Amino acid sequence: MLNVEHERENLTSSSRQLGLAEYWVEREIIEDPAHRTTAVPFVWHWKDMQPLLAKASDIVPMEEAYRRALLFSNPALAPKAWMTTTIYGGCSWYNPGESAEVHRHPPSASRFVLHGDGGWTAVEGEKCMMSRGDLILTPNGTWHNHGNDGKEPVIWVDILDLPLAENLNNRWVMEYDYFEAKPGETALQKKTQTISKADDYSVKLYAIGGIKPTFIDHQRGESAGSPMFVYRWADTVKALNTLREFEADPCDGISVEYIDPTTGASVVPTMSFGVHLFEAGFQPDFQRKSSSTVYCVIQGRGRTELDDGKTLEWEENDVFVVPSGTWYRHVNTDPGNDLMLYAVSDEPTLKKLGFLRRYRRLADGAIVAR
Ligand code: GTQ
Numbered sequence: 001m002l003n004v005e006h007e008r009e010n011l012t013s014s015s016r017q018l019g020l021a022e023y024w025v026e027r028e029i030i031e032d033p034a035h036r037t038t039a040v041p042f043v044w045h046w047k048d049m050q051p052l053l054a055k056a057s058d059i060v061p062m063e064e065a066y067r068r069a070l071l072f073s074n075p076a077l078a079p080k081a082w083m084t085t086t087i088y089g090g091c092s093w094y095n096p097g098e099s100a101e102v103h104r105h106p107p108s109a110s111r112f113v114l115h116g117d118g119g120w121t122a123v124e125g126e127k128c129m130m131s132r133g134d135l136i137l138t139p140n141g142t143w144h145n146h147g148n149d150g151k152e153p154v155i156w157v158d159i160l161d162l163p164l165a166e167n168l169n170n171r172w173v174m175e176y177d178y179f180e181a182k183p184g185e186t187a188l189q190k191k192t193q194t195i196s197k198a199d200d201y202s203v204k205l206y207a208i209g210g211i212k213p214t215f216i217d218h219q220r221g222e223s224a225g226s227p228m229f230v231y232r233w234a235d236t237v238k239a240l241n242t243l244r245e246f247e248a249d250p251c252d253g254i255s256v257e258y259i260d261p262t263t264g265a266s267v268v269p270t271m272s273f274g275v276h277l278f279e280a281g282f283q284p285d286f287q288r289k290s291s292s293t294v295y296c297v298i299q300g301r302g303r304t305e306l307d308d309g310k311t312l313e314w315e316e317n318d319v320f321v322v323p324s325g326t327w328y329r330h331v332n333t334d335p336g337n338d339l340m341l342y343a344v345s346d347e348p349t350l351k352k353l354g355f356l357r358r359y360r361r362l363a364d365g366a367i368v369a370r
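The sequence shown: position 358 = 358 (this note's numbering), numbered continuously.
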């Protein structure tokens, strides 16, 4: 007996020295989700965040900041400033005349505009002007720079799949070495890209659903995503209003997804972007997904009820996160107003990899897969 104990100790230490671990010792850590680094449900309130951003816009110069953003940092993922283990986000503020130099990176990025009419992102030669509720995409591989031509600050929510890129490809780099050449001349490095596309290029080419131009090259630079870089809020509202006559999903309400108009796929390979409409009085069922979703309240107020009796209370411009594995439902608490939530999830990634699971809990408590 003693001899076996001694041999087991030898086995453990010999294994360790060779960089090997014993499954039977590690089993609990491997199998029990409680041992994993997971995000927690969390809300960032606009009323708290806005004064800090305003202060930063006063005392943190753009030249130093590169991006003047406050990053939504999930308390369970510190020291990483990540919303979930796949999604990163921040709230950016550009004063009139401020800009950020042209760059690109493997994470796909997006802006959802909260305030201001003069803001823009130039993406692969298109100057995408933006207003509240508009979605601007800079898919993986696209060169982009930002600016504000208006008279008031521009504020937007950035969402990127940066943690996913980092977990899958830890050596990804931010590129700032943007070169442009006039025909016949040598290429010069530039901080701002020349606008080479017509105003509203994305909208003109792609914003009529079901009709796609067939004489235009849809590949834009090295983009890994949709050639449509701008999705206008007015179009989203129009679509949602038309859908009101149809029966809402019992968990998600009336919802739409922004898609690549040339394929019908998600606008970037990794993330799904969409908007949910919960009409006043609608009572959704609880649901649970293996994907994680981040939200921004574009209109209305309400709360997210979680399975443990906890709630996240939120109102306009608040940002919140529902991580993978959470039982939840969103409740519109304003009896006189529709609720509209901008939503970004990692669902396309999980779906492609075979990890996507979705469940709904019926009123009688029964759980059904969806
Ligand atoms: O504004 O393009 O928060 O490239 C992180 C990376 C914002 C941006 C971020 C970026 C940007």
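A virtual CB, placed ideally from N, CA and C, is assigned to each residue, including glycine.
Note that the structure is a prediction, hence the values are computed from the model and not measured.
Close Cβ partners of residue i (< 8 angstroms) along its chain, the five nearest in sequence each way excluded
i: residue 372; result: As displayed, the chain neither begins before 1 nor continues past 370, which places residue 372 out of reach and without an answer.
i: residue 108; result: 137, 138, 139, 140, 160, 161, 224, 225, 268, 269, 270 and 271
i: residue 103; result: 143, 144, 145, 174, 175, 176 and 178
i: residue 334; result: 280, 300, 301 and 302
i: residue 35; result: 28 and 29
i: residue 282; result: 248, 253 and 332
i: residue 275; result: 236, 240, 255, 256, 298, 340, 341, 342 and 343
i: residue 189; result: 177, 178 and 179
i: residue 61; result: none
i: residue 286; result: 251, 305, 307, 327, 328, 329, 360 and 361
i: residue 310; result: 41
i: residue 93; result: 53, 54, 56, 57, 68, 69, 153, 154 and 155
Proximity test, residue i beta-carbon vs ligand 1 heavy atom, cut-off 6 angstroms
i: residue 81; result: no
i: residue 177; result: no
i: residue 69; result: yes
i: residue 58; result: no
i: residue 161; result: no
i: residue 252; result: no
i: residue 90; result: yes
i: residue 117; result: no
i: residue 158; result: yes
Buried or exposed (CB count within 10 angstroms, at least 16 for buried), residue i
i: residue 187; result: exposed
i: residue 242; result: exposed
i: residue 82; result: buried
i: residue 139; result: buried
i: residue 24; result: exposed
i: residue 155; result: buried
i: residue 79; result: exposed
i: residue 112; result: buried
i: residue 52; result: exposed
i: residue 354; result: exposed
i: residue 126; result: buried
i: residue 122; result: buried
7 angstroms Cβ cutoff met for residue i and residue j
i: residue 268; j: residue 128; result: no
i: residue 339; j: residue 365; result: no
i: residue 349; j: residue 328; result: no
i: residue 133; j: residue 233; result: yes
i: residue 166; j: residue 142; result: no
i: residue 99; j: residue 117; result: no
i: residue 263; j: residue 212; result: no
i: residue 383; j: residue 361; result: No statement about residue 383 is possible, as the shown extent of the chain runs from 1 to 370 and does not include it.
i: residue 68; j: residue 54; result: no
i: residue 273; j: residue 344; result: yes
i: residue 318; j: residue 43; result: yes
i: residue 326; j: residue 41; result: yes
i: residue 191; j: residue 101; result: yes
i: residue 119; j: residue 95; result: no
i: residue 22; j: residue 15; result: yes
i: residue 158; j: residue 90; result: yes
i: residue 228; j: residue 202; result: yes
Strand pairing of residue i, partner residues [DSSP]
i: residue 16; result: Paired residue(s): none; residue 16 is not in a bridge.
i: residue 289; result: 358
i: residue 340; result: 277 and 299
i: residue 272; result: 345
i: residue 249; result: 253
i: residue 230; result: 136
i: residue 158; result: 90 and 111
i: residue 127; result: 122
i: residue 179; result: 189
i: residue 259; result: 266
i: residue 216; result: Paired residue(s): none; residue 216 is not in a bridge.
Own chain partners of residue i with C-beta closer than 6 angstroms, once the 5 adjacent residues on each side are dropped
i: residue 357; result: 290
i: residue 222; result: 141
i: residue 238; result: none
i: residue 368; result: 360
Residues near residue i by beta carbon distance below 7 angstroms, same chain, minus five either side
i: residue 105; result: 172, 174 and 175
Cβ-heavy atom distance, residue i to ligand 2, below 6 angstroms
i: residue 179; result: What this structure holds is ligand 1, not ligand 2.
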